[in-house]
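Taking our numbering, the leading residue of the sequence shown gets 1, the next gets one more, and so forth.
Think of the CB as a built atom: it goes at the ideal place given N, C-alpha and C, for glycine as much as any other residue.
From a predicted model like this one, the values you see are computed outputs, not experimental measurements.
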Amino acid sequence: MLRESDLASVEALEDELEDRYGEAPAPLRNLFALARISARCRRLGIARIEVGPSAAAVTPRTDWVVEPPAGLELRNGRLLLRRESKDAAEQLATAEALLTALAPPRRKRPA
Numbered sequence: 001m002l003r004e005s006d007l008a009s010v011e012a013l014e015d016e017l018e019d020r021y022g023e024a025p026a027p028l029r030n031l032f033a034l035a036r037i038s039a040r041c042r043r044l045g046i047a048r049i050e051v052g053p054s055a056a057a058v059t060p061r062t063d064w065v066v067e068p069p070a071g072l073e074l075r076n077g078r079l080l081l082r083r084e085s086k087d088a089a090e091q092l093a094t095a096e097a098l099l100t101a102l103a104p105p106r107r108k109r110p111a
């Protein structure tokens, strides 16, 4: 599942399991969170993501060619989001926040 590159497929599997068996236990929810993060990293061209107690960092597959988004800093070819994470849940949330900051803005659909 962690090799699944299609975010929609990961979310569909998560929904299917929830429909069939009810709310997933915390370890399974964490596994799905990691699968979503992995899929988003591949889509954004990120080779590596690391989250520690005081920051999260991403390493791109190629050099960054744009200015870092607000709230992020470029250091040694990696983008950093400085945010404290006391436990695994906060580390997952920090990783998601970093990827959200890097995601291109969604286009609004015409009404």
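- Within the stretch 26–74, complete alpha helix (DSSP H) segments of at least 4 residues are found at 26–44, given in chain order.
- Around the C-beta of Ser38, 16 or more other C-beta atoms lie within 10 Å, and the residue is accordingly described as buried.
- Leaving aside the five residues that flank Arg82 on each side, the residues in its chain whose CB is nearer than 8 Å to its CB run, in chain order, Ser54, Ala55 and Glu73.
- Of all C-beta pairs linking the stretch 18–32 to the stretch 57–76, fewer than three are shorter than 8 Å, placing the two stretches out of contact.
- The beta carbon of Thr94 is closer than 7 Å to those of Val51, Ala56, Leu81, Arg83 and Ser85 in its chain, skipping five residues each way along the sequence.
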